[in-house]
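Below is one structure, written out as structure tokens; the observations come after it.
Rendered as structure tokens:
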């Protein structure tokens, strides 16, 4: 695996495109949504079909915003965890093992 910073710098890291839910039900749910939209499109007037398309576009935009917020939160949480972990490195090297104090 190449260093993450190198992949990011060279433009080869695309979290938005690479994050795909691993839940097996994810694809089933998306297929059901797609099937339902196709059914609705055949039954709606042109004006209502336009409204449906706008609704789907807005839903997609909201999903991207939500995914970004989750990504940002997870990234910051991970960074804070690393700072906390690395901050405890001195305690471990000084012989002050906090883990042994807990148990």
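Numbering (the numbering used here), first residue to last: 467 to 569. Backbone N, C-alpha and C fix where the C-beta goes; we use that ideal spot for every residue, glycine too.
{"Query": "Taking residue 483 as the reference, which of 533, 470, 491 and 499 has the closest Cα?", "Result": "533"}
{"Query": "Indicate whether residue 506 and residue 518 have their beta-carbon atoms separated by less than 8 Å.", "Result": "yes"}
{"Query": "Where does residue 503 sit, in a helix, a strand or coil, going by DSSP?", "Result": "helix"}
{"Query": "Taking the Cβ atom as the reference point for each residue, do residue 470 and residue 479 lie within a distance shorter than 8 Å?", "Result": "yes"}
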